[in-house]
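Asker: Dropping a structure here in C-alpha cells format, bear with me for questions.
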Amino acid sequence: MSLSHQALQSVSPNGDIVSGSWDNTAIVWKNYQQAYSLTGHTQTVWAVLPLEDDLILTGSADKSIRLWKDGKQIKTFNGHTDVVRDLAILPGVGFVSCANDATVRIWSMEGECLQVLYGHTSYVYSVAVLSTGEIVSSGEDRTVRIWQDNECIQTLQQPCVSAWTVAALNNDDIVVGGSDALVRVYTRSPERFADPEDIKLLDDLLANQAIPSAQVSGIDMSSLPGPEALEKPGTKESQNIMVNINGVVEAYQWDSASSTWIKHGTVVGGIGSGQKQMYQGREYDFVFDVDIGAGPEGSLKLPYNLNQNSYEAAQKFLLDNELSPMYVDQIVDFITKNTQGQSLGETTSQYQDPFTGSSRYTPSGATSSPGFSSGYMDPFTGAGGYHGGATPAAPAKPAPQSTHTKKVLPLVSYLSLRQTNLEALAGKLKALNDEQLPDIQFTPEEWTMMQRLVDYLQEPSTGSLPEDGLLLLVKACQTWAAATRFPLLDLLRLVALYATEAFLSAIPNSKVVDFVAISSGILDAAIHTQVDKTMETNSMLGYRALANLFNHDAGRKAIATQLPQLLSALQTDVVLKYKGKATKLAISTLSLK
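Residue numbers for the sequence shown follow my numbering, so the first one is 918 and each next one is one higher.
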C-alpha cells in the first residue's frame, strides 16, 4: 500500500479498503492489492466514504465531493467554499459533509444540498451520525456540536484549541479527540457518567479558559449586566452572554440540556477599563491571562505595556515560564490582537533575541540583518549562533566593486545545505527526548546510538555511519509529535547529504519523497491556506533534505522514480503561504536542482 495515501476506511465486510491521497487520487484495495484508482479531483483527497453496491464518496481540497461507482465518476456535489474535511452516512436521507468553510451540509444522493448547518466559527474537521439521526460535528472553535432537525441542540465546549475528530459508538456515546492529546467520551446514560471529581476537573478547565478580548471588541464594561443576568434562562442553545462580576468579564453559554448557564472562559485584555493593572509590584497597561493548557492549575500571567516591544514582552514571558521559544510568534500575535489596535511604542534598536542558549531553535539559513552578528545564523543558537547587538553597528565601508559580472545561471553544480551546529542540536534533541511519552522515548542505550550518529556527522569523511542510529532516526521522524520533530529533521537533511545510500536503504519501501514529505509535514502544509510556525519549520527542513539528495547520484535516481510526487510537493503558493526567507530559499534551491 502506498505510503502517501492518508485517509483510510473499510469499504465493507469483505475487507476492501479505500484510501485518499495528496496525489489527488483515491485507490480501492482488494486483498491488500490495488484494484483501481479514482481520478478526477484536482487537489488532495481528504475524505473517503464507502457506501453499498461499490459506491464511494470522496471529499477533496478542491472543495468538491464526488460519487464513484466501479471506478468511474458518476456525480459531483458542489457547495462547500473551502477544503472538504470529512463525510458520514445519514441513513434514510443521504450523507453529511463538513469543511474548512465552518459549515456542515446535508446532501441527498441525487446531488441536492438539503440543508446547511451554521454554528461553528472556524474549520469543521469531523462529522459523525448517531443512531437517532442526530449529527455530531467538531472543529477548531473548541466545540463539539450536536444537531437535530437542522438546529444545534447542544454544544460541548472543549478545553483545547481544536477538536480534531469525533466518532459515534454503537451505544451513541460520543468520542472526541482533541489537540491536547486527550480523548474524551460523552454519554447520555447516567450509569456511564464519569466520577464527580473528573467532571469537576473538566468544568474547571473550561471555566479557566482565556477568551481574547479581540473576539468581543467594542464592549463597554460599564454597560455589561451583573451576575443577576444568570438568573434569567437563555432563549436558545449556545446563546452567549458576558457578565461583569466584580470588575472581571466572564463569558457564559446557555446549555439547554441542563437549563443552566455554563461558564466557558474569562475575557482577557481589559475591555474599556483604561486603568493600569498591578502585577508583581509593577503597573502595566495589560495583564493577560494566557491559557497554555496548564490544566487545573490555571493560566499564566503575561504583563504588557503599550510602549513596550511586543517581541521583548513575549520572549520575557516565555523565559520566565520556561516555555519553548518556538511560541514567540504566537504570543506576539496574541498581544497584537488583544491590544485592540492601539499604537505600540517605537523601539530604539533592532529585535534583540534573548534565546542565545543551545535550546533556541530558529530556521537555519536566515539572512543577516542589522543588530545581529554577521555570519551563519544557526538554528540552535549557541556557538556560531546569532546575538542581538546592544546598539546598531556602524556601517561598514562598501566593498570594492568588481568589474567582473558574476554568472548566476545556468547552475553548473548542485548546491548543498550543510550548515549546522551539531552540539547545540544534540542538546536540544536530548531535552525534547525527555518530554516524549515512554513508549517512543529513546532509551539510554538508544540515546547512545543517536549520539554516535551525531558524532559521525561532525566529521563524516573520517568514519562510517552507525546504521542503528539511522534506523532510530527514521523511526522517530514518524512517531514524535510534529512540534518536537524539528531537530530530527535537521539530522535527516545532513544524513541525506553525507550518507545518501544508507539513508535511502533505511526508508520504508524506498519511497524517499513520500517519507520526507509526510514526516516533515509538507503534505499537511499543502492543504492549509495558512501554515503555523511548526508546520513552516518542519516543511523547510523537509525541502532541505530533498534538495541535499540531489548531490549524490543514488539520490537523484531515487527522486526520479517519484518525480510526480516531488512536483506535487513543489506546487504550493510559496509567496503567500510561507513567511520565512529560509523556507522560500529551501524551495527555490530544490526547484533549481
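Where is the CB? At the ideal position from N, CA and C, for every residue including glycine.
Can you tell me the Cα-Cα spacing of E1027 and V1102, whole angstroms?
Answerer: If you take the alpha carbons of E1027 and V1102, they lie about 35 Å apart.
Asker: Buried or exposed: where does P1425 fall if 16 or more other Cβ atoms within 10 Å of its Cβ makes it buried?
Answerer: Classification for P1425: exposed.
Asker: Please give the ranges of any alpha helix (DSSP H) in the region 1219–1254, keeping only runs that are unbroken, at least 4 residues long and fully inside the region.
Answerer: Whole alpha helix (DSSP H) segments, 4+ residues: 1227–1237.
Asker: Please go through the same chain and pick out, in chain order, the residues whose beta-carbon is closer than 6 Å to the beta-carbon of T993, but skip the five residues on each side of it.
Answerer: The answer, listed in chain order, is S981 and R983.
Asker: Quick one: what's P967 bridged to in DSSP?
Answerer: Paired residue(s): I973.
Asker: Looking only at its chain, what residues have a beta carbon closer than 7 Å to the beta carbon of I1158, apart from the 5 residues adjacent to it on each side?
Answerer: Around I1158: A1146 and Y1169.
Asker: Tell me the rounded alpha-carbon separation between K1498 and Y1221.
Answerer: Their Cα atoms are separated by approximately 29 Å.
Asker: Taking 8 Å as the cut-off, decide whether the C-beta atoms of L1406 and A1464 are in contact.
Answerer: Contact: no.
Asker: Please give the ranges of any beta strand (DSSP E) in the region 1076–1130, keeping only runs that are unbroken, at least 3 residues long and fully inside the region.
Answerer: Here the runs fully enclosed are 1080–1085, 1091–1095, 1100–1103 and 1127–1129.
Asker: Rounded to whole angstroms, what's the CA-CA distance from V935 to W1024? Just pull it up for me.
Answerer: Computed Cα separation, rounded: 21 Å.
Asker: Which residues in the same chain have their Cβ closer than 7 Å to the Cβ of A978, if we skip the five residues on either side of it in sequence?
Answerer: Excluding residues within five positions, the ones whose Cβ falls inside 7 Å are Q960, T961, W963, V1000 and I1444.
Asker: Measuring only the C-alpha atoms, how far is A1019 from G1050?
Answerer: Computed Cα separation, rounded: 21 Å.
Asker: Under the three-state reduction of DSSP, which class applies to R1473: helix, strand or coil?
Answerer: Here R1473 sits in helix by DSSP.
Asker: Can you say whether R1199 is buried or exposed, counting buried as having 16 or more other CB atoms within 10 angstroms of its CB?
Answerer: Exposed, by the Cβ-count rule.
Asker: Can you tell me which of the three DSSP states H1304 falls into?
Answerer: Only weak support exists for where H1304 lies, its pLDDT of 30 falling under 50; the value from the coordinates is given anyway. Coil.
Asker: Go ahead and label D987 buried or exposed: buried means 16 or more other beta carbons lie within 10 angstroms of its beta carbon, across all protein chains shown.
Answerer: The residue in question, D987, is exposed, as its Cβ has fewer than 16 Cβ neighbours within 10 Å.
Asker: Return the first residue and the last residue of the alpha helix (DSSP H) that Y1415 is part of.
Answerer: Start and end: F1403 to Y1415.
Asker: For the putative contact between L1349 and T1401, defined by C-beta atoms under 8 Å, what is the C-beta separation to the nearest angstrom?
Answerer: About 5 Å; that satisfies the 8 Å criterion.
Asker: Determine the contact status of V1021 and W985, defining contact as a CB-CB distance below 8 Å.
Answerer: Their beta carbons are not under 8 Å apart, which means V1021 does not touch W985 by this criterion.
Asker: Considering just the uninterrupted stretch of the alpha helix (DSSP H) at Q960, what are its terminal residues?
Answerer: Taken as a continuous stretch (DSSP letters only), Q960 belongs to no alpha helix (DSSP H), as it is neither H nor E.
Asker: Looking only at C-alpha atoms, which of I1091, L1086, N1087 and N1067 sits nearest to L1073?
Answerer: Out of I1091, L1086, N1087 and N1067, I1091 has the C-alpha closest to the C-alpha of L1073.
Asker: Which of the three DSSP states, helix, strand or coil, is assigned to D1202?
Answerer: Coil, per DSSP.
Asker: Please report the Cβ distance between T1082 and Y1042, rounded to the nearest whole angstrom; I am assuming they are in contact, meaning their Cβ atoms lie under 8 Å.
Answerer: That belief holds up - the Cβ atoms of T1082 and Y1042 are roughly 7 Å apart, short of 8 Å.
Asker: Mind reading off the beta-carbon distance from L1466 to A1423? Whole number of angstroms is fine, and I expect it under 8 Å.
Answerer: Not a contact, Cβ separation roughly 13 Å.
Asker: Can you tell which of T1417, T1038 and L1483 has its C-alpha closest to the C-alpha of W939?
Answerer: For W939, the nearest C-alpha among the options comes from L1483.
Asker: Locate the beta strand (DSSP E) running through Q1065, then write down its first and last residues.
Answerer: It spans T1060 to Q1065 - the beta strand (DSSP E) in which Q1065 sits, taken as one unbroken run.
Asker: Can you have a look at P1107 and say buried or exposed, based on whether 16 or more other CB atoms are within 10 angstroms of its CB?
Answerer: Flag for P1107 reads exposed.
Asker: Helix, strand or coil for G1011, going by three-state DSSP, please let me know.
Answerer: Strand, per DSSP.
Asker: What is the DSSP secondary structure of T1038, reduced to helix, strand or coil?
Answerer: Three-state result, T1038: coil.
Asker: Determine the closest residue to P1076 out of D1097, E1068 and I1070, with distance taken between C-alpha atoms.
Answerer: Here the closest residue by C-alpha is D1097.
Asker: Helix, strand or coil for A1174? Go by DSSP, reduced to three states.
Answerer: Three-state result, A1174: coil.
Asker: At what residues does the beta strand (DSSP E) containing S1436 begin and finish?
Answerer: S1436 -> not in any beta strand (DSSP E); alpha helix (DSSP H) instead, spanning V1429 to S1436.
Asker: Where does T1072 fall in DSSP's three states?
Answerer: Of the three classes helix, strand and coil, the one that applies to T1072 here is strand, per DSSP.
Asker: By alpha-carbon positions, which one of V1044, L1414, R1369 and F1359 ends up nearest to T1337?
Answerer: Comparing Cα-Cα distances from T1337 to each of V1044, L1414, R1369 and F1359, the minimum goes to L1414.
Asker: Between which two residues does the beta strand (DSSP E) harbouring W946 extend?
Answerer: It spans T942 to K947 - the beta strand (DSSP E) in which W946 sits, taken as one unbroken run.
Asker: Alpha carbon to alpha carbon, how far is L1480 from V1100?
Answerer: Whole-angstrom Cα-Cα distance: 39 Å.
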